[in-house]
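Below: one structure, written as structure tokens.
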Amino acid sequence: MAENVKDNPLSYGLAFTGAVIWAAYCTVTSRIAAGKNGATLFFILTALALWIKFFATGGGAMDFSVSALIYLALAASAMGFGYAAWNVGILHGNVTVLAGASYFIPVFSAALAAALLHAPLSLTFWKGAAMVVAGSILCWLATRGGRAKTLPSPKSST
């Protein structure tokens, strides 16, 4: 693993940064959103940042074929509905169930991508998927127990 990090420091750095940002996003969303879904503002700011980057780097040729636009609409819909559903879960749902279910998303997305791309999934993939599922179940089992009870505060006798 250390050798891979040395060979690809940017990739691992970006992955780590993404994990930290995602954790911060989820924490901040649940604390300061006041029950409102902030996904729309998040997407507007993200789109603005990406358009600024696009124009600042000189852009490039865009392919406006029908198939490209269909894939764009499908990808945007999937991301938009995914973020909206996640935020509703963070704000109003059971976070324990949401966290457990989130472990299955990479497995489902890889299987869907393999089906769309007509690519076979190797035994290594299925071993990894089994470990993800096992980890999800372990996390769920660890968090479903009762919370520690607090002692009642002593009553003052005056």
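As numbered in numbering that gives the first Met the number 0, residues 0 to 157 make up the sequence shown, in order. Even for Gly, the Cβ is constructed at its ideal location relative to N, Cα and C. Since the structure is predicted, the reported quantities are computational estimates derived from the model, not experimental observations.
request  = Return the chain-ordered list of same chain residues with a C-beta closer than 8 Å to the C-beta of A118, the five sequence neighbours on each side being excluded.
outcome  = A112.
key: Neighbour-count burial assignment, G99, 16 or more Cβ in a 10 Å radius   = With 16 or more other Cβ atoms within 10 Å, it is buried.
query = Quick one: Cα of A32 to Cα of L40, how far?
reply = One C-alpha to the other measures close to 11 Å.
request  = May I ask you to verify whether the stretch 101-111 touches the stretch 126-138, counting CB pairs closer than 8 Å and requiring at least 3?
outcome  = Flag = yes, the stretch 101-111 and the stretch 126-138 touch.
ask   = Hey, which unbroken runs of the alpha helix (DSSP H) at 4 residues or more fall wholly within the stretch 93-149?
value = Within the stretch 93-149, the complete alpha helix (DSSP H) runs of at least 4 residues are 94-101, 104-116 and 122-142.
ask   = Whole-angstrom Cβ separation of N36 and V87, contact assumed at under 8 Å?
value = Correct: roughly 6 Å between the Cβ atoms.
Span of the alpha helix (DSSP H), counted from its first residue to its last, around K52 = K52 -> alpha helix (DSSP H) spans A38 to A55.
key: Given I43 as reference, the closest of F15, A55 and Y82 once Cα atoms are compared   = Nearest Cα to I43 within the set F15, A55 and Y82: Y82.
Distance CB(A109)-CB(F124) smaller than 8 Å = Yes.
Distance between A48 and A55 (C-alpha atoms, nearest Å) = Distance between the alpha carbons of A55 and A48 is about 10 Å.
Nearest neighbour of L90, chosen from A14, G12, L9 and Y24 [CA to CA] = If you compare the alpha carbons of A14, G12, L9 and Y24 with that of L90, the shortest gap goes to Y24.
ask   = For the alpha helix (DSSP H) that contains G58, what are its first and last residues?
value = G58 -> no alpha helix (DSSP H), and no H or E assigned at all.
key: Same chain, Cβ closer than 8 Å to T157, five either side skipped, listed in chain order   = With a pLDDT of 49 at T157, under the threshold of 50, the modelled position of that residue is not reliable, and no figure is offered here.
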